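2 protein chains.
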Amino acid sequence: MPTPPSPVENPRRQQIRREAARLFAARGFLGVGVDEIGRAVGISGPGLYRHFAGKDAMLADLLVGISERLLDEGRRRVDEAADARAALDALLQGHIDFALDESALITLHDRELLHLPDEERHRVRSLQRQYVELWVTVAGDSFPGLGKDARAAVHAVFGLLNSTPHSAAGQSGDAADRTAMAALLHRLALGALGAAAQAAEA
Amino acid sequence: MPTPPSPVENPRRQQIRREAARLFAARGFLGVGVDEIGRAVGISGPGLYRHFAGKDAMLADLLVGISERLLDEGRRRVDEAADARAALDALLQGHIDFALDESALITLHDRELLHLPDEERHRVRSLQRQYVELWVTVAGDSFPGLGKDARAAVHAVFGLLNSTPHSAAGQSGDAADRTAMAALLHRLALGALGAAAQAAEA
DNA sequence: GGCGCATGTTAACGACTGTTAACAGCACTG
DNA sequence: CAGTGCTGTTAACAGTCGTTAACATGCGCC
């Protein structure tokens, strides 16, 4: 059974991750063949099975990695924040950076979840749920007026922040564009939460 | 060549549309076989080819239909509005109703576009572009402070409004929940646009 | 009644896909 | 030098999928 080795952090594995993410985002998980992924990393087809147990395992690796990274980074930022409002700003900045820098992963994150095997899908869903709860708590503390709408509002804000792949303004490579976009997303998100909280108070 | 008949509006065609939309949203275009769609409408497999030229044609019919419906309805609402702000409210209400009532179609609308044949994909993209332009104009007139950020802000608002399938709060069937969600989305969107416009003015 | 047409059915095809088997080169170690 | 493990290759398999062909049924219309 010479299936999945993972000695340290194999650079070939990371290369496969990157190309697979790009291809999955462009044509969908089921729309990409293993031969194509192999060709993208310079080996051909079944050679990938020396690095991943299967095509499913590549997607699982990507999605679990994203979810863990978002949650870990989010918790770290909240822990380091002085108050709720600072925590919210830090969460926003972290998520926006991720959305702008890794738009392919953001796309996969909620598009290909249904193609995961049961176990990994539940794991990713659990991580996503914890990430949402983190946000709901912080958003609720920052905007007490949100009340019971906090969860739905947070979901909506995720939709807002994750819209950047559709905007196609993150790929320009222009650093000024990127920071302007980040600032705009930050304002949009805060404005949305603030308005929802304010209206609920009335 | 007994391929695509369309006498008037065949009820069977509409039934196929509905089930295909549901299945595509649940498992993805490539993840659903024609036999499965056939089974969902009570006929089996290749019988679908009496109503659609192929599987691609079903997806194309759905996506073109959505895009046309959004654009036509949006234009109608803008034309009937008294001023820019009323037009924006009407656009919001229309899009929110659509997102809440047809969450499967909203999901497909930006998820499966890449699986369309070239011609239909360009057609859908063109319709989407016109819909975005309609919003950009109305949003820019309602919030002059948006300036050059109007397009990106509109994309972000679409992401916000289209997040309802992830919220899973539209499926409850509870009419009170639905109107509450609609009102919340409306406030979130206006708050986002208002905050972006206000910050840009400073 | 017979003809045509719309709407199904089943059988079969050709292409493609994920995965495995069998084998080979190469680096490193005793 | 022999041996071992890692990484890659090509060939082949088994299954699935969209599509077509050939055939059946039933309704409406001269």
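Listed in order, the protein sequences are those of chains A and B. Using UniProt numbering, the first residue of the first sequence is number 1, and each one after it goes up by one. Using UniProt numbering, the first residue of the second sequence is number 1, and each one after it goes up by one. We put the CB at the ideal spot given by N, CA and C, even for glycine. Fair warning: this is a prediction, and the values are worked out from it, not measured in the lab.
{"Check": "The alpha helix (DSSP H) with A196 of chain A in it runs from where to where?", "Outcome": "175–201"}
{"Check": "For the segment 102–126 of chain B, enumerate the residues whose C-beta is nearer than 9 Å to any C-beta of chain A, in chain order.", "Outcome": "D110, R111, E112, L114, H115"}
{"Check": "In chain order, what residues of the same chain lie with their CB nearer than 8 Å to the CB of L46 of chain B, ignoring the 5 residues before and after it?", "Outcome": "Here residue 46 of chain B is Pro; the residue named in the question, Leu, does not match the sequence. Closer than 8 Å at the Cβ level, and outside the excluded window around P46 of chain B, lie V34, G38."}
{"Check": "Counting only Cβ pairs nearer than 9 Å, list the residues of chain B close to N162 of chain A.", "Outcome": "G159, S163"}
{"Check": "Let me see if you follow: with CB-CB separation under 8 Å, is L184 of chain A close to chain B or not?", "Outcome": "yes"}
{"Check": "Can you tell me which of the three DSSP states G42 of chain B falls into?", "Outcome": "coil"}
{"Check": "Is there a C-beta anywhere in chain B that falls below 8 Å from the one on S142 of chain A?", "Outcome": "no"}
{"Check": "Please check if any C-beta of chain B sits within less than 8 Å of the C-beta of H155 of chain A.", "Outcome": "yes"}
{"Check": "Rounded to whole angstroms, what is the Cα-Cα separation between S105 of chain A and S126 of chain A?", "Outcome": "Note on identity: in this sequence residue 105 of chain A is Leu, with Ser being the wrong assignment. Rounded to whole angstroms, L105 of chain A to S126 of chain A spans 18 Å at the Cα level."}
{"Check": "Run down chain A in chain order and give the residues with a C-beta less than 7 Å from the C-beta of L30 of chain B.", "Outcome": "G28, L30, G31"}
{"Check": "Which whole-angstrom value describes the C-beta separation of R187 of chain A and A199 of chain B, a residue pair presumed to lie in contact below a C-beta threshold of 8 Å?", "Outcome": "5 Å"}
{"Check": "Cα separation between N10 of chain B and R50 of chain A?", "Outcome": "52 Å"}
{"Check": "Would a check of beta-carbon distances place D149 of chain B closer than 8 Å to chain A?", "Outcome": "yes"}
{"Check": "Are there three or more Cβ pairs, one per stretch, closer than 8 Å when the segment 15–32 of chain B is compared with the segment 93–110 of chain B?", "Outcome": "yes"}
{"Check": "Need the endpoints of the alpha helix (DSSP H) that S67 of chain B sits in, please.", "Outcome": "55–80"}
{"Check": "Counting contacts by CB-CB distance shorter than 8 Å, is H95 of chain B in contact with chain A?", "Outcome": "no"}
{"Check": "Output yes if chain A places a C-beta closer than 8 Å to the C-beta of L23 of chain B; else output no.", "Outcome": "no"}
{"Check": "Mapping DSSP to helix, strand and coil, what is F143 of chain B?", "Outcome": "coil"}
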